[in-house]
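Q: Handing you this structure, nothing more for now.
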Amino acid sequence: MTGNAARWENSSAARRSRRGRPYPPAFYERDTELVARELLGAVLECHTGDGVASGRIVETEAYLGPHDPACHAVAGVTERTRHLHGPPGTAYVYRIYGMYWCFNAVTQPEGIGAAVLVRAVEPLAGLDLMRARRPRAMRDRDLTNGPGKLCTALGITGDMSGALLDSPPVVLRRGDDVPDVDVRRSPRIGITRAADWPLRWLVAGSEYVSKTPGQFRVQTV
DNA sequence: ATCCGGATCGCCT
DNA sequence: GGCGATCCGGATG
């Protein structure tokens, strides 16, 4: 465990952190793989003028910083990656393929350029809102089983990038912790560089994880 | 100024 | 499983 991790585990903020409480910045200012693992089971919640929608995180990926060839931080600090290099516990929301948004929680000390991508959630609240935003989803699991889909369903957009995640419009709360026996890891999805690094975390057996091309090398933790 | 490829999705076969 | 939609950042000339 890293020094930062120990600092979090021993902190009064950690002891105060209970189910339903937003994570403070100290939670995120740690090893990115650890944060990706621990965000399984957390609740991602988005507030808009239409109301509140939320879901339980069942799939995450770690993007480690400039030394990770698949991480946007390899480009350095640019207009696009500005918020990736922001303080821990803030949002990095970027547009992909010209059409969709992807949501990340920034990790590590400010300026590193590391983050956790949320790839899938299990819908919890605001199902009517999500169905209205994604009218083509035939089943409820199709509302949020992909990083672009969940942003559309929850209402997460680029103007929320840079915002602290302990208060609206986007809030990440501690949920029911997922025990190690229910956690799996695999390589990350949809990337070409560092494609074999096992930096994707999933809740075993969840119906709500994103579709995987073929069968992955999946390991227990 | 131009080109290329991408942390995706939905529809097609 | 393959492909088109659609756009921007970064690289190249």
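So the mapping is simple: my numbering equals the position in the first sequence, first residue as 1, plus 2.
All residues carry an ideal CB built from backbone N, CA and C; glycine is no exception.
Let me confirm a value: Gly216 is counted as buried when at least 16 other C-beta atoms fall within 10 Å, else exposed. Which label applies?
A: With a pLDDT of only 42 at Gly216, under 50, the local geometry of the prediction cannot be trusted, and no value is derived from it.
Q: So, at 8 angstroms on beta carbons, what are the nonlocal neighbours of Val172 in its own chain, with the 5 sequence-adjacent residues on each side left out?
A: Excluding positions up to five away in sequence, the list reads Leu46, Glu47, Cys48, His49, Ala93, Phe105, Ile158, Met162, Ala165.
Q: DSSP state of Thr92, grouped into three classes?
A: Here Thr92 sits in strand by DSSP.
Q: Are Arg190 and Ala44 touching if we call contact CB-CB under 9 angstroms?
A: No, these two residues do not count as a Cβ contact at 9 angstroms.
Q: Please report the distance separating the alpha-carbon of Glu31 from that of Asn6.
A: Approximately 7 angstroms, taken between the alpha carbons.
Q: Return helix, strand or coil for Gly177, following the three-state DSSP convention.
A: Gly177 falls in the coil class under three-state DSSP.
Q: Of the choices Thr146, Met140, Trp203, whose alpha-carbon is the least far from that of Asp182?
A: That would be Trp203, whose Cα lies nearest to the Cα of Asp182.
Q: Going by C-alpha distance, which of His69, Leu66, Ala117 is nearest His85?
A: Cα-wise, what sits closest to His85 is Ala117.
Q: Just list the residues that DSSP pairs Leu46 with in beta bridges.
A: According to DSSP, Leu46 bridges with Gly57, Leu174.
Q: In three-state DSSP terms, what is Asn12?
A: Here Asn12 sits in helix by DSSP.
Q: Where does Ala127 fall in DSSP's three states?
A: Here Ala127 sits in strand by DSSP.
Q: With a CB to CB cut of under 8 angstroms and the five nearest residues on each side skipped, what residues in its chain are close to Arg34?
A: It should be noted that the sequence gives Thr, not Arg, for residue 34. Ala64, Tyr65, Leu66, Gly67, Thr109, Gln110, Ala116, Ala117, Val118, listed in sequence order.
Q: Given this structure, state the Cα-to-Cα distance separating Met140 from Met132, to the nearest angstrom.
A: Distance between the alpha carbons of Met140 and Met132: 12 angstroms.
Q: Under a three-way DSSP split, which group does Ala28 fall into?
A: It is helical.
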